[in-house]
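Numbering (this note's numbering), first residue to last: 97 to 259. To keep things clear, I will list the structure first and then write my remarks on it.
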């Protein structure tokens, strides 16, 4: 006698399988983007985000763009999955008021992303794209490439100004 559960008949089994398939598809997307950009990737349990990391031959991390997926429950994209890419720029405080023109100049260059500040006054570049769209790998690759390049250029300017 064979006993067991018919696939999909257990309570929550279908949901679990769907989530597992989505997870694998998302990880494949991250892997494809990292491969195209000659970068590596990792997963942060703390933030529940993937990181696409630009590391040189010596092992120095130059830039890390986090990528996460969220389901929109309201608004224009209600019922859709959105990918969010985010890269840290700087911690803003009153001593950095002189940097505002540089920050605003950076904001004018953005195509796929915008500047955001969190409650801890950390300034980020943030970009969003629909997950289940045609050419999603191309869109996310371009967005990550743009954001990492702008963030690196911005930090170089800050270092130069500090000297």
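Even glycine gets a Cβ: it sits at the ideal position worked out from N, Cα and C.
{"query": "Start-to-end residues for the beta strand (DSSP E) that takes in residue 183", "result": "177 to 187"}
{"query": "Per-residue DSSP class, three states only, for residue 205", "result": "coil"}
{"query": "Exposure of residue 120, with buried meaning 16 or more beta-carbon neighbours within 10 Å", "result": "exposed"}
{"query": "Beta-carbon gap between residue 147 and residue 162 smaller than 8 Å", "result": "yes"}
{"query": "Rounded Cβ spacing between residue 195 and residue 254 (contact assumed at less than 8 Å)", "result": "7 Å"}
{"query": "Contacts around residue 188, its chain only, beta-carbon distance under 6 Å, and the 5 residues preceding and following it disregarded", "result": "217 and 219"}
{"query": "Residue 125 burial status per 10 Å Cβ neighbour count (16 or more: buried)", "result": "buried"}
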